[in-house]
Amino acid sequence: RNDQWYGTRAGMWVRLQHTETNQVLFFINHHGPLPLNSGGRCGGEATAFKLLQLIASQAHDGDVIVLVGDFNAGPNSQTLASLRSRMHALFTGASFGGVDH
């Protein structure tokens, strides 16, 4: 839907290292495309693939990976199903049918 097109969506990420343990956290935040549960113009599977591709290209072996955001995708969406095939889901919010993860 053109009335809900706000441009391409990205994942903003950072790698943080604990000063005492040297453990690294790869933290990524994503604000997903609209309409809700659609995955945008490319679809939910492609949206998940691009996020996983970003993680694979920027995270290092041994990093703890945390992916969060307003995905604009509910818990039963293709986006979440695709992400769950590669990652553990730990939290889903209740607002707007559970679009925050």
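With our numbering as the guide, the letters of the sequence shown map in order to residues 16 to 116. No residue lacks a Cβ here, since even glycine has one placed at the ideal position from N, Cα and C.
Kindly indicate which three-state DSSP category residue i falls into: helix, strand or coil?
i	result
L69	helix
L40	strand
G55	helix
R30	strand
Taking buried to mean at least 16 other C-beta atoms within 10 Å of its own C-beta, is residue i buried or exposed?
i	result
H116	buried
F106	exposed
A104	exposed
Please name the residue in the options whose C-alpha comes closest to that of residue i.
i	options	result
D18	A88, F41, R99, L49	L49
P90	G26, M27, Q38, G54	G54
D78	R24, V29, A25	V29
G113	T23, G84, L98, Q38	G84
E60	N37, S110, F86	F86
To the nearest angstrom, report how far apart residue i and residue j are at their CA atoms.
i	j	result
Q32	Q68	22 Å
A96	H46	17 Å
Starting from the C-beta of residue i, find all residues in its chain whose C-beta is less than 8 Å away, skip the five residues before and the five after it, and write them out in chain order.
i	result
V81	L40, F41, F42, I43
Going along the chain, which residues of its own chain have a beta-carbon closer than 6 Å to the beta-carbon of residue i, five neighbours each way excluded?
i	result
G26	I43, H45, L66, L69
What residues in its chain sit with their C-beta under 7 Å from that of residue i, if we drop five residues either side in the sequence?
i	result
A9	The question about residue 9 has no answer here: the residues shown for the chain are numbered 16 through 116.
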